[in-house]
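Okay, so here's the structure we're looking at.
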Amino acid sequence: LALGVTGAEYDAWLIRIGDGDQFSSGFVEVNPNSKIPALRDHTHNPPIRVFESGSILLYLAEKFGYFLPQDLAKRTETMNWLFWLQGAAPFLGGGFGHFYHYAP
1 LALGVTGAEY DAWLIRIGDG DQFSSGFVEV NPNSKIPALR DHTHNPPIRV
51 FESGSILLYL AEKFGYFLPQ DLAKRTETMN WLFWLQGAAP FLGGGFGHFY
101 HYAP
């Protein structure tokens, strides 16, 4: 979504986590934690790898000048919600179901 908003060109790769694609097919080179999402920016030499949702959003915001206000108060409020998203939101959505049902 963030890439689409910035107008950046990108290729999306299907990673079938049920088939273990995240452990093979070179994906570990992009994210050593074998988790999605991950991004590799080939506009740099060597390419820059970015993993974890918050890190990807910050990277794209800084690279394309989107999403992060220049005003300190507004930027701080944006960061508050970004870090809340990383820390709390997974447990309010699907993450709760995973830990409740599959990994109690």
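Okay, so the sequence shown: first residue is 1 according to UniProt numbering, each after it adds one.
The C-beta atom is built at its ideal place from N, Cα and C for all residues, glycine as well.
Quick check on DSSP: helix, strand or coil for residue i?
| i | result |
| --- | --- |
| I17 | helix |
| L57 | helix |
| F23 | helix |
Would you kindly report the start and end of the unbroken alpha helix (DSSP H) that includes residue i?
| i | result |
| --- | --- |
| F27 | 27-30 |
Can you name the start and end residues of the beta strand (DSSP E) that residue i belongs to?
| i | result |
| --- | --- |
| I48 | 48-51 |
| A73 | Taken as a continuous stretch (DSSP letters only), A73 belongs to no beta strand (DSSP E), being part of the alpha helix (DSSP H) at 72-87. |
| D11 | From DSSP, D11 is part of no beta strand (DSSP E); its letter is neither H nor E. |
| A38 | 38-41 |
I need the straight-line Cα distance from residue i to residue j, nearest angstrom please.
| i | j | result |
| --- | --- | --- |
| L46 | N31 | The sequence given here has Pro at residue 46, not Leu. P46 and N31: Cα-Cα distance of roughly 15 Å. |
| F27 | Y59 | 19 Å |
| I36 | A12 | 12 Å |
| E62 | Y102 | 37 Å |
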